[in-house]
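Residue numbers (my numbering): 9 to 172.
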(Lines of atoms letter the chains of each structure in order from A and count residues from 1; the text may use other names and numbers.)
(Lines give C-alpha, C1' and ligand atoms only; values in the text may rest on other atoms or scores of the structure.)
Protein backbone atom coordinates (compact mmCIF):
# COMPACT_ATOMS: atom_id res chain seq x y z
CA UNK A 1 0.00 0.00 0.00
CA UNK A 2 1.26 3.47 -0.88
CA UNK A 3 -0.06 6.15 1.45
CA UNK A 4 -0.76 9.69 0.36
CA UNK A 5 0.25 11.52 3.52
CA UNK A 6 1.72 14.87 4.54
CA UNK A 7 5.28 13.52 4.33
CA UNK A 8 4.80 12.45 0.69
CA UNK A 9 3.15 15.76 -0.24
CA UNK A 10 5.92 17.72 1.50
CA UNK A 11 8.70 15.71 -0.15
CA UNK A 12 7.16 16.01 -3.63
CA UNK A 13 6.52 19.75 -3.14
CA UNK A 14 10.12 20.30 -2.05
CA UNK A 15 11.27 18.63 -5.28
CA UNK A 16 8.92 20.84 -7.33
CA UNK A 17 10.32 24.01 -5.75
CA UNK A 18 13.83 23.14 -6.99
CA UNK A 19 12.77 21.81 -10.41
CA UNK A 20 13.30 24.06 -13.46
CA UNK A 21 9.64 23.53 -14.46
CA UNK A 22 8.41 24.19 -10.89
CA UNK A 23 6.56 20.88 -10.83
CA UNK A 24 7.27 17.28 -9.96
CA UNK A 25 5.36 14.04 -10.46
CA UNK A 26 5.16 11.12 -8.09
CA UNK A 27 3.78 8.14 -10.01
CA UNK A 28 1.73 5.41 -8.39
CA UNK A 29 1.55 3.36 -11.58
CA UNK A 30 4.54 1.08 -12.04
CA UNK A 31 5.10 1.47 -15.78
CA UNK A 32 4.20 4.15 -18.35
CA UNK A 33 2.22 1.54 -20.30
CA UNK A 34 -0.03 0.65 -17.33
CA UNK A 35 -3.71 0.86 -18.33
CA UNK A 36 -4.36 3.66 -15.81
CA UNK A 37 -1.89 6.42 -14.94
CA UNK A 38 -2.23 7.65 -11.33
CA UNK A 39 0.07 10.32 -9.99
CA UNK A 40 0.66 13.24 -7.70
CA UNK A 41 1.66 16.43 -9.44
CA UNK A 42 3.27 18.98 -7.12
CA UNK A 43 3.04 22.45 -8.65
CA UNK A 44 4.41 25.85 -7.76
CA UNK A 45 3.19 29.28 -8.90
CA UNK A 46 4.86 30.15 -12.19
CA UNK A 47 4.79 26.56 -13.43
CA UNK A 48 3.73 26.60 -17.08
CA UNK A 49 1.24 24.05 -18.34
CA UNK A 50 0.55 24.82 -22.01
CA UNK A 51 -3.02 24.71 -23.21
CA UNK A 52 -3.50 21.22 -24.57
CA UNK A 53 -6.01 18.47 -25.18
CA UNK A 54 -5.83 14.70 -25.20
CA UNK A 55 -6.87 13.43 -28.62
CA UNK A 56 -3.86 11.46 -29.76
CA UNK A 57 -4.98 9.12 -28.20
CA UNK A 58 -8.27 10.41 -26.78
CA UNK A 59 -8.19 10.46 -22.97
CA UNK A 60 -10.38 11.93 -20.26
CA UNK A 61 -8.48 13.39 -17.32
CA UNK A 62 -9.53 13.81 -13.68
CA UNK A 63 -7.73 16.02 -11.17
CA UNK A 64 -8.35 16.36 -7.43
CA UNK A 65 -6.57 19.09 -5.48
CA UNK A 66 -5.16 17.61 -2.29
CA UNK A 67 -3.46 20.77 -1.06
CA UNK A 68 -3.26 24.37 -2.29
CA UNK A 69 -5.31 25.72 -5.16
CA UNK A 70 -5.35 26.10 -8.91
CA UNK A 71 -7.49 27.84 -11.50
CA UNK A 72 -8.66 25.53 -14.26
CA UNK A 73 -9.32 26.94 -17.72
CA UNK A 74 -11.19 25.57 -20.73
CA UNK A 75 -10.59 27.26 -24.09
CA UNK A 76 -12.45 27.24 -27.41
CA UNK A 77 -10.64 26.51 -30.67
CA UNK A 78 -9.79 30.23 -31.10
CA UNK A 79 -8.00 30.34 -27.73
CA UNK A 80 -10.75 32.29 -25.97
CA UNK A 81 -11.42 31.30 -22.38
CA UNK A 82 -14.75 29.48 -22.31
CA UNK A 83 -14.73 28.40 -18.66
CA UNK A 84 -12.69 29.19 -15.57
CA UNK A 85 -12.98 27.78 -12.06
CA UNK A 86 -10.89 28.04 -8.92
CA UNK A 87 -10.28 24.61 -7.46
CA UNK A 88 -9.65 25.03 -3.74
CA UNK A 89 -10.54 22.33 -1.21
CA UNK A 90 -10.67 25.01 1.53
CA UNK A 91 -13.57 26.56 -0.41
CA UNK A 92 -15.36 23.25 -1.01
CA UNK A 93 -14.26 22.81 -4.64
CA UNK A 94 -12.11 19.69 -4.84
CA UNK A 95 -11.38 18.83 -8.44
CA UNK A 96 -12.51 18.64 -12.03
CA UNK A 97 -12.88 16.24 -14.90
CA UNK A 98 -11.84 17.16 -18.45
CA UNK A 99 -13.27 15.19 -21.38
CA UNK A 100 -10.93 14.17 -24.18
CA UNK A 101 -10.57 16.86 -26.81
CA UNK A 102 -11.15 19.90 -24.54
CA UNK A 103 -8.40 22.53 -24.65
CA UNK A 104 -7.38 23.09 -21.04
CA UNK A 105 -4.69 24.53 -18.80
CA UNK A 106 -4.00 25.39 -15.16
CA UNK A 107 -2.77 28.38 -13.25
CA UNK A 108 -1.15 27.47 -9.92
CA UNK A 109 -2.37 29.82 -7.20
CA UNK A 110 -0.51 28.66 -4.06
CA UNK A 111 2.93 27.38 -3.22
CA UNK A 112 2.83 23.76 -2.08
CA UNK A 113 -0.09 22.83 -4.33
CA UNK A 114 -0.40 19.09 -4.96
CA UNK A 115 -2.99 17.44 -7.19
CA UNK A 116 -3.90 13.81 -7.72
CA UNK A 117 -4.28 13.05 -11.41
CA UNK A 118 -5.85 10.05 -13.11
CA UNK A 119 -6.09 9.30 -16.82
CA UNK A 120 -6.03 6.23 -19.03
CA UNK A 121 -2.66 4.78 -19.93
CA UNK A 122 -0.41 4.20 -21.54
CA UNK A 123 1.50 7.40 -20.89
CA UNK A 124 2.08 9.23 -24.16
CA UNK A 125 3.95 12.55 -24.12
CA UNK A 126 1.89 15.39 -25.55
CA UNK A 127 2.16 15.48 -29.31
CA UNK A 128 2.49 18.76 -31.20
CA UNK A 129 -1.07 18.19 -32.48
CA UNK A 130 -2.31 18.15 -28.86
CA UNK A 131 -0.76 21.54 -28.03
CA UNK A 132 -3.03 24.50 -28.78
CA UNK A 133 -1.65 26.44 -31.76
CA UNK A 134 -2.04 29.69 -29.81
CA UNK A 135 -0.24 28.55 -26.64
CA UNK A 136 3.42 29.52 -26.18
CA UNK A 137 5.97 26.78 -26.70
CA UNK A 138 8.48 25.78 -24.06
CA UNK A 139 11.46 28.11 -24.28
CA UNK A 140 9.40 31.19 -25.23
CA UNK A 141 9.91 32.95 -21.88
CA UNK A 142 8.21 36.18 -22.96
CA UNK A 143 5.25 34.34 -24.45
CA UNK A 144 4.88 32.21 -21.33
CA UNK A 145 4.97 35.28 -19.07
CA UNK A 146 2.26 36.97 -21.19
CA UNK A 147 0.17 33.77 -21.20
CA UNK A 148 0.35 33.34 -17.41
CA UNK A 149 -0.49 37.04 -16.95
CA UNK A 150 -3.48 36.64 -19.28
CA UNK A 151 -4.79 33.75 -17.16
CA UNK A 152 -4.21 35.71 -13.94
CA UNK A 153 -5.95 38.79 -15.39
CA UNK A 154 -8.91 36.67 -16.50
CA UNK A 155 -9.18 35.18 -13.03
CA UNK A 156 -8.98 38.64 -11.42
CA UNK A 157 -11.64 40.03 -13.76
CA UNK A 158 -14.00 37.14 -13.03
CA UNK A 159 -13.45 37.59 -9.29
CA UNK A 160 -14.25 41.32 -9.56
CA UNK A 161 -17.41 40.60 -11.57
CA UNK A 162 -18.61 38.00 -9.07
CA UNK A 163 -18.34 40.56 -6.24
CA UNK A 164 -20.56 43.08 -8.04
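All C-beta atoms, glycine included, are put in the ideal place defined by N, C-alpha and C.
Next item on the list: Name the residue from 22, 37 and 61 whose alpha carbon lies nearest to the alpha carbon of residue 31.
Entry: 22
Item checked: Contacting residues, own chain, Cβ-Cβ under 8 Å from residue 8 (five flanking each side not counted) -> Beyond the ends of the chain as shown, which are 9 and 172, falls residue 8; an answer cannot be given.
Checklist line | Opening and closing residue of the beta strand (DSSP E) in which residue 75 lies | finding: 69-75
Item checked: Of the residues 56, 66 and 14, the one placed nearest residue 158, counting alpha carbons only -> 56
Check: By how many angstroms is the C-alpha of residue 79 removed from the C-alpha of residue 20?
Finding: 20 Å
Notebook entry, point to check: Would a C-beta distance cut-off of 8 Å place residue 140 and residue 83 closer than the cut-off?
Noted result: yes
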